[in-house]
Amino acid sequence: MDRSRSAVLVLVVAFFLLCASAKDQLAVGEKLLAGQSLVSDGGAFALGFFSPDDAAGPARRYLGIWYNGIPGPRTVVWVANRGAPAASAPTLALANDSRLVMSDADGRVLWNTTVAVSSSPQAPAAAVLTNEGDLVVQRANGPALWQSFDHPTDTFMPGMKMRPSRRTGKGDRIVSWKSSGDPAPGRFSYGLDPRTSLQLLMWNGTRPYWRTPVWTGHAVTSMYVSAGTILYTAIVLTEEEISVAITVSSGAAPTRYVVTSSGRFQLLSLDGAASTWDMLQSWPTSGCSTYRDCGAYGYCDVTVAPAACRCLDGFEPASPAEWTAFSFEQGCRRKEALPPCGRGSIGVGFIAMPTMNVPDKFSLDSGNRSAEECAARCAANCSCMAYANLQSSSAMGDVSRCIVWAGELVDAQMIGWGGETLYLRVPVAAASTDRRKKTVSQKKLMPGTVTTNTWSEIEGDHTVDLEFPSIRLTDIVAATGNFSETLMIGRGGFGKVYKVVAVKRLSKDSDQGAEEFKNEAILIAKLQHRNLVSAKKNADDRQQGNKYSGCGLKILSGEVKTLGSCISYSLSHEHTMRQGDQMASIIWSHRDFKCRKLDDKGCQL
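Count along the sequence shown from 1, add 3, and you get the number used in my numbering.
Next comes the structure, spelled out in structure tokens:
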């Protein structure tokens, strides 16, 4: 009996010790000591003291938040005392005035929070570590007095907001560590551009280093990250501020953005099986994607491999010798001078360059203007060098943004799909020449839209008896990054499946041929099941046939139409589209087969 009671007593004591060690909050007057930690209620995060390099000993101690329960080195997402490490015996306490205070063994304050002081009696506050990784100081049932999410370090996580104030122009930035072993603020930072709030910038010190595409007005965008993980980015617009927030789908793997000390902005997701972080994307990419790489009036063409600097239409290298030597600092100059400014819009026209990430240093023209109004305003203002009309629908309703450039054009990119159309001010003769030379390069694939160009539009006078258009192989090569492995999301019965435009390629490795392809296309057209696909687009390049085991190169491309939220685009051998109960429809066809009629009953081949 005594042994049983002793065993029960040991279990009870162990239980209470476990609960005590896993507490998620600090009350007024309590202290957190070295070797102790707070653990969030769900166990996802821990807060405590750490040394960046455990081998360095206790000489540099920092208060931080890290992912809890992941084997291996700590993944620290927030640091309090970045520039003032403790030499020994640090403590964290919640003072009577609701401030968090970190001190060293001698009582020197190394870090503390600032909260508004109320003259009226208030309920006591507590500091709580949430399961999202946010350290929050608040009173019972009251708003947050202070939270770590408002003071990020080098990491941007779901639940955080990145925002500049519309009144002050100042805003949040995430700032890299000085080095992998030093949490002090480093050279690189990332945040919303306080000048326009329509783009995000990465800085190297005070100089722009890399830039995101301009925001087009979509309130929510989504990105397929990995199996079971979808990352949502939300733009919140109020009279006081504009903010960017991210969240992930339910049950998703831990996902985060981080600015590294080497100047990379990375998207990372946890591989739970291996307990390692997979780097899903990293910016800037290789080539000419850093800020102003191609100089004034140049652009980075990422539709070719490797990416290359080129001059905007109507411009030529300012120094051909340096351009040939791959030195692009001097940029480009006009081939023909513009008419004198006093003539207004007489003698000027505009060259259209589609699928562009537009240049920096733009101004937002006030008002919800149509494309025609935007063009007219730029034409009438001789200082306007270019314009773009950004149109989209969002939670705020239809949006039409007219952005204009009055000075030099820098940091543009041609991406080959999506993007915006940039209209460049040129002498009218140059604009007329450009219209006569219009080619398919101005009709690139755009994800999420329905392309209506016919084969005769693309091929000139050469017509093909197809109700549904074909797509040139060159366009699909551009849209898939020359069939880059980084854009591939899986393999189907005919070969590889690519994201963005959902392209499937019949490759030399395929174990299926034209007959199987035809049978499959007919079956899909007859069934028209919501899990399957219906006829729409194709490409076929017979000139490539000798490279693919005697078969013509066959491409299946499709516009992806999501039902509900963004979903996982994955074609199995049965060609189903799976992501839980949500499905997508990819519309495709093949040039060898004619789709005479498309209705609710299917496509007649």
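All residues carry an ideal CB built from backbone N, CA and C; glycine is no exception.
Keep in mind that this is a model prediction, so the values were computed, not measured.
Simplified DSSP assignment, three categories, for residue i
i, result
"PRO188", "strand"
"PHE52", "strand"
"CYS297", "coil"
"THR327", "helix"
"CYS405", "strand"
"CYS387", "coil"
"ASP153", "helix"
"ALA30", "strand"
"ALA129", "strand"
"ALA340", "coil"
"ALA248", "strand"
"ALA62", "helix"
"PHE18", "Because PHE18 sits at a pLDDT of 38, beneath the cut-off of 50, its placement in the model cannot be relied upon, and the point is left open."
"TRP420", "coil"
"SER560", "In this predicted model, SER560 has a pLDDT of only 46, less than 50, meaning its place in the structure is not dependable enough to derive any value."
"PRO357", "strand"
"ASN115", "strand"
"GLU332", "coil"
"GLN284", "strand"
"LEU201", "coil"
"ILE68", "strand"
Nearest to residue i (by Cα), restricted to the options the options
i, options, result
"THR288", "LEU273, GLY275, TYR300, ALA308", "ALA308"
"GLY421", "LYS364, CYS387, ASN360", "ASN360"
"ALA276", "SER200, ALA256, GLY51", "ALA256"
"GLY174", "ALA187, ASP196, GLY162, ASP157", "ASP196"
"GLY350", "GLN333, THR293, ARG428", "ARG428"
"THR78", "PRO146, ARG111, ASP157, GLY317", "ASP157"
"THR327", "CYS312, MET282, THR424, TYR212", "CYS312"
"GLU244", "TRP408, MET282, TYR227, ARG166", "ARG166"
"ASP1", "TRP213, ALA248, THR224", "No answer is possible for residue 1: it lies beyond the span of the chain, which begins at 4 and ends at 608."
"ARG190", "THR199, THR209, LEU203", "THR209"
"GLY317", "SER264, VAL305, MET388, SER373", "MET388"
"PRO430", "LEU393, ALA382, GLU411", "ALA382"
"SER225", "LEU240, ILE249, GLN28", "ILE249"
"GLN28", "LYS181, ARG404, ASN134, PHE365", "ASN134"
"LEU113", "LEU271, GLY136, ARG64", "ARG64"
Nearest-angstrom beta carbon gap, residue j and residue i [assumed within contact, 8 Å]
i, j, result
"ASP368", "ILE406", "7 Å"
"LEU66", "PHE48", "At roughly 13 Å, the Cβ-Cβ gap does not stay under 8 Å, so LEU66 and PHE48 are not in contact."
"LEU132", "GLN141", "With a Cβ gap of about 12 Å, LEU132 and GLN141 do not count as contacting."
"PHE331", "GLY301", "6 Å"
"LEU97", "ALA30", "7 Å"
"ASP185", "TYR294", "Contact doesn't hold; Cβ gap of about 25 Å is too wide."
"PHE159", "ARG267", "At roughly 14 Å, the Cβ-Cβ gap does not stay under 8 Å, so PHE159 and ARG267 are not in contact."
"GLY194", "LEU203", "7 Å"
Cβ neighbour criterion (16 or more within 10 Å) applied to residue i
i, result
"ILE233", "buried"
"ARG85", "buried"
"CYS314", "buried"
"SER183", "exposed"
"GLN416", "buried"
"ALA83", "buried"
"LEU36", "exposed"
"PRO55", "buried"
"ALA62", "exposed"
"MET105", "buried"
"ALA299", "buried"
"SER179", "buried"
"ALA89", "buried"
"SER278", "exposed"
"ARG176", "buried"
"ASN371", "exposed"
"GLY352", "buried"
"ASP296", "buried"
"VAL42", "buried"
"VAL261", "buried"
"ASN71", "buried"
Any chain D beta carbon closer than 8 Å to residue i
i, result
"THR158", "This model lacks chain D altogether; it includes just one protein chain."
Extent of the continuous beta strand (DSSP E) to which residue i belongs
i, result
"CYS381", "No beta strand (DSSP E) holds CYS381; the alpha helix (DSSP H) holding it covers 374-383."
"ASN144", "Looking at the DSSP string, ASN144 is not in any beta strand (DSSP E), and its letter there is neither H nor E."
"ILE238", "232-240"
"LYS181", "176-182"
"GLU423", "423-430"
"PHE365", "Element bounds for PHE365: n/a, residue is neither H nor E."
"GLU411", "GLU411 -> no beta strand (DSSP E), and no H or E assigned at all."
"SER229", "223-229"
"TRP645", "For residue 645 there is no data in the structure shown, the boundaries of the chain being 4 and 608."
"ARG313", "311-314"
"ASP274", "268-274"
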